[in-house]
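Residue numbers (this note's numbering): -15 to 310.
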């Protein structure tokens, strides 16, 4: 879990009628963050602040939300809670919480979207109030209403410890247009990277894959652009914003290994990179190589874990992995 990175906490909130939700990642002090966007249809808040040449050196929380553009209200709820706690960037007597966020499109997933008041600010508050080290995967938080090409998506997380003692973790709301399973079978594209039977223990598919098997997308069934995978990769290493960005860039490989196809024009795929600064790099080049590789592996696993953990619920437009193969 991403909370295996010391100091990180995750909170989730969901609305079952809406079939949507919000996920918050925070810590007890500001942390370095960066972002890398490879999808063609992103939706974000305050991500320009994360560029390495900008003045902000740390953020107070990150938000992943369903709801498409409506979900961009969720970080406002988190800002409200942080302000009440006196946390944020100080400018004289003023305190400004820094809370970048990203959204996914889950507006045509079978949920009741006929609301008159945007629910996402309240969901952001609820998610922040729920932050802790332990959290549930699958149909939770920003992954509540997520879908893939043929299955329900979900919220996933994974971690690993590198040989140098650094911890790497990933958190993802998997809602891609692409497939996470190989053809019509139970094997995950991420199968080669599975650890300890965490998403079924089936391993790689072990078959040659014709192109047609890789070309199935959600657009075959849901013509609207109902997609986007949004993720956070994190480490306890001491990185600057440029290095955190490089880790996020490398982690995009993990998305491409677990989702086929990925990074399409109808996805808003993006990854935040987070560093808590606990352990200094002893070999800046090779440590960054391993951090990027570890982040990619964790993200592949997290995507599969999110789909594997999704639960069947009334009104779903796609089956779960468990209902088909479990």
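Cβ atoms here follow ideal geometry from the backbone N, Cα and C, with glycine treated the same way.
Tell me whether residue 194 is buried or exposed, calling it buried when 16 or more other Cβ atoms sit within 10 Å of its Cβ. For this step, residue 194 is matched to residue 210 along the chain shown. Residue 194 counts as exposed, since fewer than 16 other C-beta atoms from the protein chains shown sit within 10 angstroms of its C-beta.
Would you identify the three-state DSSP class for residue 145, choosing helix, strand or coil? On the chain shown, position 161 is the one that residue 145 refers to. Of the three classes helix, strand and coil, the one that applies to residue 145 here is strand, per DSSP.
List the whole-angstrom C-beta distance separating residue 33 from residue 84, where the pair is believed to meet the contact cut-off of C-beta under 8 Å. On the chain shown, residue 33 is found 49 positions in, with the first residue counted as 1. On the chain shown, residue 84 is found 100 positions in, with the first residue counted as 1. Right, the Cβ-Cβ distance comes to about 7 Å (below 8 Å), so this counts as a contact.
Beta-bridge pairing of residue 156 - partner residues as DSSP gives them: Along the chain shown, one-based indexing puts residue 156 at 172. Residue 156 pairs with 140 and 215.
Pick from 82, 63 and 3 that is closest to residue 51, judged by C-alpha positions: Translated into the one-based positions of the chain shown, residue 51 becomes position 67. Considering only alpha carbons, the answer is 3.
Let me make sure I understand the geometry here. Which of 35, 28, 226 and 54 has the alpha-carbon closest to that of residue 46? In the chain shown, the residue the question calls residue 46 occupies position 62. For the residues 35, 28, 226 and 54, the minimum Cα distance to residue 46 belongs to 28.
Please classify residue 74 as buried or exposed, where buried requires at least 16 neighbouring CB atoms within 10 angstroms. On the chain shown, position 90 is the one that residue 74 refers to. Exposed.
Go to residue 110, then tell me how far its alpha helix (DSSP H) extends in each direction, as first and last residue. Counting from one through the chain shown, the residue named residue 110 turns up at place 126. Secondary structure note for residue 110: its alpha helix (DSSP H) is the uninterrupted segment 104 to 113.
Could you round the C-beta distance between residue 131 and residue 125 to whole angstroms and report it? I think they count as a contact, below 8 Å. Your numbering for residue 131 matches position 147 in the chain shown. Your numbering for residue 125 matches position 141 in the chain shown. In this structure, residue 131 and residue 125 do not form a Cβ contact; the two beta carbons are roughly 15 Å apart against a cut-off of 8 Å.
Quick check for students: name the residue ranges of the beta strand (DSSP E) that lie wholly in the segment 187 to 273, counting only runs of 3 or more. Counting only runs of 3 or more, we get 214 to 221 and 254 to 263.
Counting only runs that start and end within the segment 37 to 124, where is the alpha helix (DSSP H) found for 4 or more residues in a row? Taking only runs of at least 4 residues, the alpha helix (DSSP H) segments lying wholly in the segment 37 to 124 are 58 to 68 and 104 to 113.
Using 10 angstroms around the beta-carbon of residue 181, count the other beta-carbons present and answer buried if the total reaches 16, otherwise exposed. Against the chain shown, residue 181 aligns to sequence position 197. So residue 181 counts as exposed.
Counterpart residues of residue 131 in DSSP-defined beta bridges: In the chain shown, the residue the question calls residue 131 occupies position 147. DSSP output for residue 131 lists 136 as bridge partner(s).
If you follow the alpha helix (DSSP H) that residue 309 is in, where does it begin and where does it stop? For the purposes of this step, residue 309 is taken as the residue at position 325 of the chain shown. For residue 309, the uninterrupted alpha helix (DSSP H) run begins and ends at 305 to 309, by DSSP.
For residue 44, the nearest candidate out of 35, 275 and 14 (CA to CA): Indexing the chain shown from 1 puts residue 44 at position 60. Closest option to residue 44, Cα to Cα, is 14.
Could you give the DSSP three-state label for residue 10: helix, strand or coil? Numbered from its first residue, the chain shown carries residue 10 at position 26. In the structure shown, residue 10 sits in a strand (DSSP, three-state: E or B).
Take the Cβ of residue -3 as the centre, count every other Cβ of all protein chains shown within 10 Å, and call the residue buried at 16 or more, exposed below. Within the chain shown, the letter at position 13 stands for residue -3. Result: buried.
Report yes if the CB atom of residue 77 is closer than 8 Å to the CB atom of residue 66, and no otherwise. Within the chain shown, the letter at position 93 stands for residue 77. Within the chain shown, the letter at position 82 stands for residue 66. Here residue 77 is not near residue 66, since their CB atoms are 8 Å or more apart.
Excluding sequence positions up to five away, which residues of its chain have a Cβ less than 6 Å from the Cβ of residue 245? Position 261 of the chain shown, counting from 1, holds the residue named residue 245. Apart from sequence neighbours up to five positions away, the residues of its chain that approach residue 245 with a beta-carbon distance below 6 Å are 162, ordered along the chain.
Figure out for me which residue from 256, 5, 165 and -8 has the closest Cα to the Cα of residue 111. For the purposes of this step, residue 111 is identified with residue 127 of the chain shown, where counting begins at 1. If we check each option's Cα against that of residue 111, 5 comes out closest.
Is the segment 163 to 173 close to the segment 182 to 192, with three or more CB pairs under 8 Å? Contact holds between the segment 163 to 173 and the segment 182 to 192, because three or more Cβ pairs, one in each stretch, are under 8 Å apart.
I'd like the span of the beta strand (DSSP E) that includes residue -6, first residue to last. For the purposes of this step, residue -6 is identified with residue 10 of the chain shown, where counting begins at 1. Per DSSP, residue -6 belongs to the beta strand (DSSP E) from -8 to -1.
Considering only their Cβ atoms, is the gap separating residue 8 from residue 155 smaller than 8 Å? To locate residue 155, count along the chain shown from 1; it is residue 171. To locate residue 8, count along the chain shown from 1; it is residue 24. It is not a contact, given that the beta carbons lie outside the stated cut-off.
Alpha-carbon to alpha-carbon, residue 301 and residue 95: Along the chain shown, read from residue 1 onward, the residue named residue 95 stands at position 111. Along the chain shown, read from residue 1 onward, the residue named residue 301 stands at position 317. The alpha-carbon atoms of residue 95 and residue 301 are separated by roughly 9 Å.
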